[in-house]
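This report concerns only the one structure given below.
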Amino acid sequence: MLRTRQLIRRDLARLSNRRCASSNGDDETRYIEEWQATCIRPNSFYELHASSRTYFYSVDLQGRLFLEETSPKNIATSLKSDKFLDFFFSQLRPNKTGKFEEYPFFSPCGKESNYIRPACLPIVFHDLTPSNSLVYAGTLLQKFHPSNLRTSSLSGRIFHRLFPSSPSKKSRMQKSGESYGLIKSSIAGKIAENIFFKDDGGMYYVDDEGEWEVGLLPDDQESVSWGLPSSSI
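For the sequence shown, this note's numbering gives the first residue as 1264, with consecutive numbering after it.
The following block contains the structure:
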């Protein structure tokens, strides 16, 4: 538990200082790009499965969606249509097809089968609106509340639980059980300014409305079996 607290303290400090530490950001970007490159298969693999309308995707730590074979992966080569992204991620669910098990998530689209291997979790909150809603996919919203924050004991990253907008509007991910989304580092850095450790070792989010304990991400939400290995930088 002590090592977990030390890791989380380190990551929270890194998030809070990221805007002043461009060299560390460059190192992390290179590390992620190198990992993404190792995931790309021969073109013949993608061509073979494209004939049956089966496609493979990756999601980076900023929530950008790419065809897996795309290189380099950057904002220019990411898929950016809000309408497409909203539909793609609203169809997202754990991969229980019995095929391509190295891709833990699946998003069907008519006759298309889309398999996803994210760097962390497939849902990434990439913005926080003035009305205090987290944004994911293109324009999908999740109301932010500190009680729903969690942090990874392995990576120190910050997450928020994903809830339906109403009981009748559960996504496929939510229907599969408790699910979370990663908070993009630039947004997590702002949130981390309100997170503190107490003498009891607990981690709390504190603002004018009160304080809430920040628990650990459930083990079944950790990406250790498929995602980007924790960086030592």
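The beta carbon of each residue, even a glycine, is placed where N, CA and C say it ideally should be.
Just so you know, these numbers come straight off a predicted model, no measurement behind them.
Short Cβ contact (8 Å threshold) for residue i with residue j
i, j, result
"Ile-1497", "Ser-1344", "Here the chain covers residues 1264 to 1496 and nothing more, so residue 1497 does not appear."
"Pro-1367", "Arg-1356", "no"
"Tyr-1467", "Lys-1461", "yes"
"Ser-1449", "Leu-1425", "no"
"Phe-1329", "Thr-1340", "yes"
"Ser-1418", "Trp-1475", "no"
"Asp-1482", "Thr-1402", "no"
"His-1408", "Val-1398", "no"
Exposure of residue i, with buried meaning 16 or more beta-carbon neighbours within 10 Å
i, result
"Arg-1327", "buried"
"Pro-1385", "buried"
"Cys-1372", "exposed"
"Leu-1311", "exposed"
Integer-rounded CB distance, given that residue j should sit under 8 Å from residue i
i, j, result
"Lys-1447", "Val-1387", "6 Å"
"Ala-1451", "Ile-1421", "4 Å"
"Gln-1354", "Ser-1321", "Between Ser-1321 and Gln-1354 the Cβ distance is about 17 Å, and since that is not below 8 Å, they are no contact."
"Gln-1405", "Ser-1394", "Actually they do not touch by this definition, with Cβ atoms about 12 Å apart."
Proximity winner among the options, relative to residue i (alpha-carbon distances)
i, options, result
"Ile-1338", "Leu-1324, Phe-1350, Phe-1351, Asp-1349", "Leu-1324"
"Lys-1359", "Phe-1369, Phe-1352, Phe-1350, Phe-1351", "Phe-1369"
"Ser-1493", "Pro-1409, Ser-1415, Pro-1481", "Ser-1415"
"Ile-1458", "Gly-1478, Arg-1293, Leu-1445", "Gly-1478"
"Ser-1486", "Gly-1465, Glu-1456, Leu-1445", "Leu-1445"
"Gly-1539", "Pro-1427, Cys-1383, Arg-1413", "The structure shown does not extend to residue 1539, since the chain is modelled only from 1264 through 1496, so no value can be given for it."
"Ser-1488", "Phe-1319, Glu-1332, Ala-1382, Asp-1349", "Ala-1382"
"Glu-1296", "Glu-1331, Gly-1473, Phe-1308, Asp-1470", "Glu-1331"
"Thr-1392", "Asp-1463, Ile-1454, Arg-1293", "Ile-1454"
(request) May I ask you to verify whether the stretch 1367 to 1377 touches the stretch 1312 to 1325, counting CB pairs closer than 8 Å and requiring at least 3? (result) With contact defined as three or more Cβ pairs closer than 8 Å, the stretch 1367 to 1377 and the stretch 1312 to 1325 are in contact.
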